[in-house]
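Colleague: Okay, handing you the structure first.
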Amino acid sequence: MSLYLLVKMDVERAAKELASQCLSKFSDAEASLDTRSFSLSIIVSQILNGNSAMLGYVPEMMQCLKDSSFLIQPDTGSKTREFHQQVTAAVTAIFDVSPDNFVDGFREFLQHYLLQLVSCEDLETASLACEFWALHADILMTSVFEPQLQKLITVLMDLMCRKDVERYSFEAICDQAEWAFESVVDACPCKLMCKTFGRLLETRIKSDLWPEKEAAIIALGVFVDASDSGQQ
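Just add 522 to wherever you are in the sequence shown, counting from 1, and you've got this note's numbering.
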C-alpha cells in the first residue's frame, strides 16, 4: 500500500474519531454550554481550514443541530451569546460547503431558529442572525416559511430604529437589519412581499407611536431601493 493511501487512511480515521467525540459532546444535554460550544467550534475550525475528511460529517452535524432541544426553543439571553454565535458559525460553514444537501427538516429548523435569534434581546446575537438572513435569504425563503414572514419583517423593522442602545451598537444593528430586509425583499415572491409588507406599513404609518412610524419610513426606503435594484 502506498504511503499516500496510508496517510489518507490515518487522516480519515482521525477525522472520524474527532467528529464522533465532538458531536457526542455537543449532543450531551448534561454538558455545559461552554463545552458544547467548544466541541462544535473544533469541527467548524477543521472544515474552514480545509480538512476535507471532516466534510463527510456535515450531515451528522446538521442532524445534531436539528435534534438539539436547546435550539428548537432557544434561550436567547446574553448568557448564551457565545453558544448561539458558535451555532451560527457552524451553520454558516454548512452553507458554504454544502448549500444544497440538507438533511430532512434542516432548512425548516434553520428558519425557526434564526427567526428566534433575530428576535432575541442580545443585540450582538441578533446582529449576527441578521447577517445570516442577509447572506442566505434566498435559501431560507421557502413556501414553508411564508406564514412567519410577517413576524420576520416586523422584527427587522423594529431593529432598524432601536434607540435603547449606545450609538455604535445602534448604527451596527440598524445597518444589519436593513441589509437583511433588503435580501428578504429580493428573495421573497413580489406578490407575497407586497401584500405582507404593505399591511404592516399601513398599520405602522397610522400608529400614534413615533418609533413605529419611523421604522415604517426606513423600511419603505429599503423596500423601494431593493425593488428598484431587482428590476435592473
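Glycine included, each C-beta is placed from N, C-alpha and C at the ideal position.
In the DSSP assignment, find the alpha helix (DSSP H) that holds T676 and state where it starts and stops.
Modeller: Numbered from its first residue, the sequence shown carries residue 676 at position 154. Taken as a continuous stretch (DSSP letters only), the alpha helix (DSSP H) holding T676 covers L671 to L681.
Colleague: Would you kindly check if the distance between the Cβ of V677 and the Cβ of S641 is under 7 Å?
Modeller: Walking along the sequence shown from the start, residue 641 turns up at place 119. Walking along the sequence shown from the start, residue 677 turns up at place 155. Cβ distance < 7 Å, so S641 and V677 count as in contact.
Colleague: Count the other CB atoms, across all protein chains shown, that sit within 10 Å of the CB of P596; report buried if there are 16 or more and exposed otherwise.
Modeller: In the sequence shown, counting from the first residue as 1, residue 596 sits at position 74. Its Cβ being crowded by 16 or more others within 10 Å, P596 is buried.
Colleague: Using a Cβ-Cβ cutoff of less than 6 Å, which residues in the same chain neighbour C716 once the five nearest sequence positions on both sides are dropped?
Modeller: What you label residue 716 is simply residue 194 of the sequence shown in a count that begins at 1. Nothing meets the Cβ criterion.
Colleague: Is the beta carbon of L674 sitting closer than 7 Å to the one on L637?
Modeller: What you label residue 674 is simply residue 152 of the sequence shown in a count that begins at 1. What you label residue 637 is simply residue 115 of the sequence shown in a count that begins at 1. Yes, the pair counts as a contact, with Cβ atoms nearer than the cut-off.
Colleague: Can you give me the start and stop residues for the alpha helix (DSSP H) that S620 sits inside?
Modeller: The residue you call residue 620 lines up with position 98 of the sequence shown. Run containing S620: none; DSSP gives neither H nor E here.
Colleague: Ignoring anything shorter than 4 residues, give me the alpha helix (DSSP H) runs that lie fully in the region 610-656, in order along the chain.
Modeller: As far as the region 610-656 is concerned, its whole alpha helix (DSSP H) runs of at least 4 residues are 628-640.
Colleague: What span of residues does the alpha helix (DSSP H) with C716 cover, start to end?
Modeller: Stepping through the sequence shown from its first residue, residue 716 is reached at position 194. Residues C712 to I727.
Colleague: In whole angstroms, give me the CA-to-CA distance for F617 and C696.
Modeller: Mapped onto the sequence shown, residue 617 falls at position 95. Mapped onto the sequence shown, residue 696 falls at position 174. When rounded, the distance between both Cα atoms is 25 Å.
Colleague: Start and end of the alpha helix (DSSP H) containing D589?
Modeller: Here residue 589 refers to the residue found at position 67 of the sequence shown. Run containing D589: V580 to D589, per the alpha helix (DSSP H) assignment.
Colleague: Have a look at V666 and Q633 and give me their C-alpha separation to the nearest angstrom.
Modeller: Within the sequence shown, numbered from 1, the residue matching residue 666 stands at position 144. Within the sequence shown, numbered from 1, the residue matching residue 633 stands at position 111. In a straight line, the C-alpha of V666 is about 9 Å away from that of Q633.
Colleague: Mapping the DSSP letters down to three states, classify T602 as helix, strand or coil.
Modeller: Taking the first residue of the sequence shown as position 1, residue 602 is located at position 80. Here T602 sits in helix by DSSP.
Colleague: Tell me which residues share the same chain as E630 and place their Cβ nearer than 7 Å to its Cβ, disregarding the 5 neighbours each side in the sequence.
Modeller: Looking up residue 630 in the sequence shown gives position 108. Excluding sequence neighbours, E630 sits near V666.
Colleague: Does the beta-carbon of L714 have 16 or more other beta-carbons within 10 angstroms, so that it is buried, or is it exposed?
Modeller: Numbered from 1 along the sequence shown, position 192 holds the residue referred to as residue 714. Exposed.
Colleague: My understanding is that L639 touches Q672, with C-beta atoms under 8 Å, so please give their C-beta distance in whole angstroms.
Modeller: Mapped onto the sequence shown, residue 639 falls at position 117. Mapped onto the sequence shown, residue 672 falls at position 150. About 18 Å separates the two Cβ atoms, so there is no contact after all.
Colleague: Name the two residues that bound the continuous alpha helix (DSSP H) containing F667.
Modeller: Position 145 of the sequence shown, counted from the first residue, corresponds to residue 667. Unbroken run through F667: none, as it is neither H nor E.
Colleague: Could you give the residue range of the alpha helix (DSSP H) that holds S563?
Modeller: For the purposes of this step, residue 563 is taken as the residue at position 41 of the sequence shown. It spans L555 to L570 - the alpha helix (DSSP H) in which S563 sits, taken as one unbroken run.
Colleague: Rounded to whole angstroms, what's the CA-CA distance from F605 to C710? Just pull it up for me.
Modeller: Reading the sequence shown from its first residue, position 83 is the one you call residue 605. Reading the sequence shown from its first residue, position 188 is the one you call residue 710. Roughly 30 Å between the two C-alpha positions.
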